[in-house]
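One structure is given here, and the rest of the page talks about it.
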Amino acid sequence: MISLQSHEFMDPKIIDYIIPSEKVAHVQIGNSLEHALLVLTKSGYSAIPVLDARFKLHGLISSPMITEALLGLERIEFEKLTDKKVEDVMAVKIPKVGLHDKFEKALALLIDHPFLCVADEDGYFEGIFTRRALLKELNHYIRKINHV
Numbered sequence: 001m002i003s004l005q006s007h008e009f010m011d012p013k014i015i016d017y018i019i020p021s022e023k024v025a026h027v028q029i030g031n032s033l034e035h036a037l038l039v040l041t042k043s044g045y046s047a048i049p050v051l052d053a054r055f056k057l058h059g060l061i062s063s064p065m066i067t068e069a070l071l072g073l074e075r076i077e078f079e080k081l082t083d084k085k086v087e088d089v090m091a092v093k094i095p096k097v098g099l100h101d102k103f104e105k106a107l108a109l110l111i112d113h114p115f116l117c118v119a120d121e122d123g124y125f126e127g128i129f130t131r132r133a134l135l136k137e138l139n140h141y142i143r144k145i146n147h148v
């Protein structure tokens, strides 16, 4: 039987498994929805972090959020793409973890989210921790204990 109480699996720090901020597509607070949609489409991500000019994390934006903002009563209001800003439609309550948090905290959050934003203690964006990274480490751990 596999025990996930093992310190070998639950104790690694998230910082060792993140995709660093410089490799993650993002938008800034003042960007238009048009720019955000372009970044989302070109990156292929389902959602991207929203940062300020100093790289402080403020939320997430996704294509469905943008689409919802464009829907009028009788038509899609494409002009809102240039009129509305990212901060008008972004989600501010987002799943996130700290640099020094352990896998155990991330495990529960990653059930419902493909990635978690990682921020330092001052709220500055450090990168993302993906469900893939956690599953890859779990797979490695299971293979290791099965071959002992």
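Quick note: the sequence shown, position 109, residue 109 per our numbering, numbers continuous. Glycine included, C-beta positions come from ideal geometry on N, C-alpha and C. Note that the structure is predicted; figures quoted are calculated from it, not measured.
Start-to-end residues for the beta strand (DSSP E) that takes in residue i
i	result
L116	F115 to A119
Element boundaries [alpha helix (DSSP H), containing residue i]
i	result
K63	Note on identity: in this sequence residue 63 is Ser, with Lys being the wrong assignment. First-last of the alpha helix (DSSP H) with S63: S63 to L70.
E137	R131 to N146
V24	Segment: none, V24 is in no alpha helix (DSSP H) and carries neither H nor E.
L51	Counting along the chain, L51 falls outside any alpha helix (DSSP H), though it belongs to the beta strand (DSSP E) covering A47 to L51.
S43	L33 to S43
Residues near residue i by beta carbon distance below 7 Å, same chain, minus five either side
i	result
V39	A25, V27 and I48
L51	H26, Q28, L57, H58 and F125
F78	L70
P46	Looking at the sequence provided, one finds Ser at residue 46 rather than Pro. The residues are S62 and P114.
H35	V27
Cβ neighbours of residue i in the same chain (closer than 6 Å, five flanking residues each side left out)
i	result
I19	G127 and I128
M65	V89
E87	I29
L33	I66, L81 and K84
S21	F125, E126 and G127
L138	none
Beta-carbon separation (whole angstroms), residue i vs residue j, contact threshold 8 Å
i	j	result
I61	M90	5 Å
K84	N31	Going by Cβ atoms, the distance from K84 to N31 rounds to 10 Å, so no, they are not a contact pair.
A106	L134	6 Å
Nonlocal neighbours in the same chain, by C-beta distance under 8 Å from residue i, ignoring five residues either side
i	result
L37	S63, I66 and L81
D122	K56
S43	A25
E68	V89
R177	The shown model of the chain, from 1 to 148, leaves out residue 177, and the question about it has no answer.
K136	none
D120	G98, L99 and E126
**Study point:** the segment 12 to 26 touching the segment 93 to 101, judged by at least three CB pairs closer than 8 Å
**Key:** yes
**Study point:** Touching by the beta-carbon criterion (3+ pairs, under 8 Å), the segment 111 to 120 and the segment 78 to 98
**Key:** yes
Check your understanding: Can you list the beta strand (DSSP E) stretches of 3 or more residues lying completely in the segment 80 to 119, in chain order?
Key -> 96 to 98 and 115 to 119
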